[in-house]
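Protein chains in written order, with the numbering used here: chain A, 1 to 458; chain B, 459 to 916. Notes follow once the structure below has been shown.
2 protein chains.
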Amino acid sequence: MANGNPIPYKIFLTENEIPSFWYNLRADMKNKCAPLLNPETHKPMTSAELEKVFCKELVRQELDDTTRLIPIPEEIRDFYHMYRPSPVVRAYCLEKAIGTPAHIYYKFEGNNTSGSHKLNSAIAQAFYAKKQGLIGVTTETGAGQWGTALAMSCAYLGLDLKVFMVKISYEQKPGRKEVMRTYGADVTPSPSTTTNVGRRILEAFPGTNGSLGCAISEAVEYATTHEGYRYVLGSVLNQVALHQSIIGLEAKAALDKYNVRPDIIIGCAGGGSNLAGLIAPFMGEKINGMSDAKFIAVEPASCPSFTRGSFAYDYCDTGKVCPLAKMYTVGSQFIPSPNHAGGLRFHGMSPILSQLYHDGMLEARSVEQTSVFEAAEFFARTEGILPAPESSHAIRVAIDEAMKCKKTGKEKDILFGLTGTGYFDLSSYRKFNDGEMSDSIPTDEEIAKALTQLPQVE
Amino acid sequence: MANGNPIPYKIFLTENEIPSFWYNLRADMKNKCAPLLNPETHKPMTSAELEKVFCKELVRQELDDTTRLIPIPEEIRDFYHMYRPSPVVRAYCLEKAIGTPAHIYYKFEGNNTSGSHKLNSAIAQAFYAKKQGLIGVTTETGAGQWGTALAMSCAYLGLDLKVFMVKISYEQKPGRKEVMRTYGADVTPSPSTTTNVGRRILEAFPGTNGSLGCAISEAVEYATTHEGYRYVLGSVLNQVALHQSIIGLEAKAALDKYNVRPDIIIGCAGGGSNLAGLIAPFMGEKINGMSDAKFIAVEPASCPSFTRGSFAYDYCDTGKVCPLAKMYTVGSQFIPSPNHAGGLRFHGMSPILSQLYHDGMLEARSVEQTSVFEAAEFFARTEGILPAPESSHAIRVAIDEAMKCKKTGKEKDILFGLTGTGYFDLSSYRKFNDGEMSDSIPTDEEIAKALTQLPQVE
């Protein structure tokens, strides 16, 4: 009890209460996600095809849309014990500063060295790679949170890791690169001369800064041309949403202790891994008619997959070598204008969230970055945590909803996901502090043009 | 219970169990600390003299060596609720990696945006300034942890903050500067043209990188020449040790729950605030004959106040404007060779710890920085937390002690203080990763020379 309050500032589960199963929301969905398609044949990807790129057990999880609960192996639970359970925080100071009758809660995933929720899936993917007897895994990283999380997981399990880091991030975020190296990862700026695709791109665009799409292509090429390696990915995929369900399961268990049933659940959405994980058990209740909670996905106005994109099959990468997924997308060739939330610049969206949005189970809202940083700064000063720009999208909308409650006088329970900390994003905060930050919203023509390039699928 | 273990990975107190009193170890010490002396008259500093520089209530705490328990005001406890209690972690993974029969515990103070234990005293000092009706406070910062902690505290209370940041840190650590600015602090590189002492130094040494001693002088000048301001300091002082006792009180309460009585307690020591706080209640037991625990202060070989310094009156700053304290010191004019643990480069040591060391209640050990970073990397990879270079001094000795237990087969309980995270120290990790780090130990002549310049006190 917090200084006389019936609910503490931070609701912690005990370590015994860390979930022992992941929850597979797809098993409860009325309309299942459409299958991944082979980018060349446009036929559903088979397990055999997927296993050339991904670990066997992860392919099984990717394709399984019927098993509700999937046991978390003990080795992964051991690792979870190092940094979980993460707290649900009651934002008493924020509520007071706003003067809202709403009760605001956030699930804080930033209290680990990777600085975000990415670690939840990184350890799972690394574990299955190790179990399969692999030497190592490859991946790409942009902002660096996923690369860091994977480096920590691979160091823990003694697995080799090759990270292809978008060149401009490699140069602008030396700190991120060093964390990965300290955890033993081999970090290569992308495009590089170590892969065919990298060499081709360097030849065509000698001064290029690189892109996530290019880094993905290099990581996939390395994995598929080196014995004992597979490729792993930190978002978008169903398996990632599955692992991230631990966020929602813990949040629900914590709130249940105090009989709190959130009316509104809010999360930022780039590829969708955090939001899919946070909402999973709450959405399961809604699907089964046990709740009428409202769910809000928040995306940057500069990359508005939900709010201005199409629900269609599209490539997951700009290089068009990855499978096609049916999802909300602004087109794999869409280039978002600069935005400081690097983790939200992906053109598409988790197929699970896309289906739910299509079915009217989920709302979406797009917000501009200056208003996001205003919310971030306000939150930092009142709640004492410097948030990641990505997470601050959720903060923005949580504050907006709490302000509405102030007008209506309604005591709503609001839960949002605070996915990570902004310790490696201080150049963005500098721009905001110096008044140099601007908003940039794509025109209708820009989006329409990118959408004309969607693949034609029968 | 952690996967069948009787003790969880992380022992958390409930929020109700956050201590409501600080513990003033001086009340139990057989030999009290010598009084602070006026740097000009060499007479004991009076309250009135101290109150020109420091807040009234903090002066009272500074001079009080008889009251055992001092109530923590409710407003400070409210703030503590945002990030405390901090966990005591059982280092199962580290123990396994070393193969030691020892049980290793660490009190982790890094899970807050300031990244260290400094926040415990920052909020207390800011609170008393606010209560006194001041407009604001001034301080200096080197590595930036103290400045960040104080900026967070002042933002929370609506207090103005002027930080004088050592110029080279200001330039090399833009991230640290930005966090402080995001929390509304005014950050000035030191030496600056805004103070007399700054202008004098700039005239004498036009290209200077600045020093902590100079920044202190500027901060003190600003506070004493501006109505409504006082100066605050993050270490060395008795009041800081008092506030930091919350570390030890929580650690003891957590370990008591599982009947663990540490045999060895280890902490890094720069000015001594963290170590004094961590050991306080355990040392109280030892003084009162209820324990025979061993206490180890770990300092860098490059700045060996305990292991190679003198127990004597010395200035707390290089500018010789601050009071004289009786402490272990290598001399206020000693310039430590470069070391990446910026927080451990102070020439002196907490008067409380100095007296205890002098009385044989505390051991000290000095370690070289390459071996410290080896320990840091090993710890990061096994325990999943990237430690601050300062904290890693304690890790080094904890591992050394655990290795001894491996030889002797003894199941000792080892507790150390993990004061903070290394997220803003990645340029140091880069040097280590690239094999560019070296050790540098002062010669006997260098230390002897610095000691000849100690003030002559009757």
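C-beta: ideal position from N, C-alpha, C; glycine also.
Whole-angstrom distance between residue j and residue i, CA atom to CA atom
i, j, result
"residue 289 (chain A)", "residue 385 (chain A)", "36 angstroms"
"residue 965 (chain B)", "residue 725 (chain B)", "Coverage of chain B is limited to positions 459 through 916, which leaves residue 965 (chain B) absent and any answer about it impossible."
"residue 659 (chain B)", "residue 894 (chain B)", "32 angstroms"
"residue 342 (chain A)", "residue 143 (chain A)", "6 angstroms"
"residue 492 (chain B)", "residue 699 (chain B)", "16 angstroms"
"residue 430 (chain A)", "residue 388 (chain A)", "13 angstroms"
"residue 792 (chain B)", "residue 739 (chain B)", "33 angstroms"
"residue 382 (chain A)", "residue 613 (chain B)", "8 angstroms"
"residue 246 (chain A)", "residue 181 (chain A)", "28 angstroms"
"residue 637 (chain B)", "residue 141 (chain A)", "24 angstroms"
"residue 196 (chain A)", "residue 220 (chain A)", "11 angstroms"
"residue 225 (chain A)", "residue 129 (chain A)", "16 angstroms"
"residue 466 (chain B)", "residue 898 (chain B)", "40 angstroms"
"residue 690 (chain B)", "residue 597 (chain B)", "6 angstroms"
"residue 490 (chain B)", "residue 471 (chain B)", "32 angstroms"
"residue 496 (chain B)", "residue 507 (chain B)", "9 angstroms"
"residue 751 (chain B)", "residue 741 (chain B)", "8 angstroms"
"residue 398 (chain A)", "residue 414 (chain A)", "7 angstroms"
"residue 821 (chain B)", "residue 543 (chain B)", "28 angstroms"
"residue 47 (chain A)", "residue 322 (chain A)", "14 angstroms"
CB contact flag (residue i, residue j, <7 angstroms)
i, j, result
"residue 102 (chain A)", "residue 320 (chain A)", "no"
"residue 126 (chain A)", "residue 153 (chain A)", "yes"
"residue 697 (chain B)", "residue 519 (chain B)", "yes"
"residue 516 (chain B)", "residue 503 (chain B)", "no"
"residue 183 (chain A)", "residue 881 (chain B)", "no"
"residue 277 (chain A)", "residue 244 (chain A)", "yes"
"residue 373 (chain A)", "residue 394 (chain A)", "no"
"residue 264 (chain A)", "residue 401 (chain A)", "yes"
"residue 595 (chain B)", "residue 469 (chain B)", "no"
"residue 145 (chain A)", "residue 177 (chain A)", "no"
"residue 428 (chain A)", "residue 396 (chain A)", "no"
"residue 345 (chain A)", "residue 336 (chain A)", "yes"
"residue 76 (chain A)", "residue 123 (chain A)", "yes"
"residue 218 (chain A)", "residue 198 (chain A)", "yes"
"residue 230 (chain A)", "residue 93 (chain A)", "no"
"residue 951 (chain B)", "residue 745 (chain B)", "Outside the displayed range of chain B (459 to 916) lies residue 951 (chain B), so it cannot be described from this structure."
"residue 573 (chain B)", "residue 877 (chain B)", "no"
"residue 454 (chain A)", "residue 314 (chain A)", "yes"
Reduced DSSP category for residue i - H, G, I as helix; E, B as strand; rest coil
i, result
"residue 816 (chain B)", "helix"
"residue 795 (chain B)", "coil"
"residue 874 (chain B)", "strand"
"residue 532 (chain A)", "Residue coverage of chain A in this structure runs from 1 to 458, which leaves residue 532 (chain A) outside it and unanswerable."
"residue 467 (chain B)", "coil"
"residue 869 (chain B)", "coil"
"residue 562 (chain B)", "strand"
"residue 825 (chain B)", "strand"
"residue 785 (chain B)", "strand"
"residue 897 (chain B)", "coil"
"residue 455 (chain A)", "coil"
"residue 137 (chain A)", "strand"
"residue 555 (chain B)", "helix"
"residue 803 (chain B)", "coil"
"residue 423 (chain A)", "coil"
"residue 548 (chain B)", "strand"
"residue 772 (chain B)", "strand"
Which whole runs of the alpha helix (DSSP H) in the segment 614 to 648 of chain B are 4 residues long or more, in chain order? 625 to 630 and 632 to 640
Relative to chain D, which residues along the segment 473 to 485 of chain B have a C-beta separation below 7 angstroms, given in chain order? The structure shown has no chain D; the protein chains it does contain are A and B.
Any chance you could list the beta strand (DSSP E) runs of at least 3 consecutive residues sitting entirely within the segment 722 to 767 of chain B, in chain order? 722 to 726 and 752 to 758
At a cut of 8 angstroms, does the segment 662 to 672 of chain B reach the segment 213 to 220 of chain A through at least three beta carbon pairs? Pairwise C-beta distances place the segment 662 to 672 of chain B out of contact with the segment 213 to 220 of chain A, as fewer than three of them are shorter than 8 angstroms.
As an exercise, report each continuous alpha helix (DSSP H) stretch of at least 4 residues that is fully enclosed by the segment 205 to 254 of chain A, in chain order. 212 to 225
Entirely enclosed alpha helix (DSSP H) segments - the segment 473 to 529 of chain B, minimum 4 residues: 505 to 509 and 514 to 521
Segment contact flag, the segment 585 to 593 of chain B with the segment 559 to 576 of chain B, C-beta cutoff 8 angstroms, min 3 pairs: no
Cβ pair count under 8 angstroms reaching 3, the segment 618 to 631 of chain B against the segment 648 to 656 of chain B: Short answer: they touch.
Looking at C-beta atoms only, is the number of pairs between the segment 804 to 815 of chain B and the segment 778 to 787 of chain B that lie closer than 8 angstroms three or more? yes
State whether the segment 758 to 770 of chain B contacts the segment 473 to 482 of chain B, with contact taken as three or more CB pairs (one from each stretch) at a distance under 8 angstroms. no
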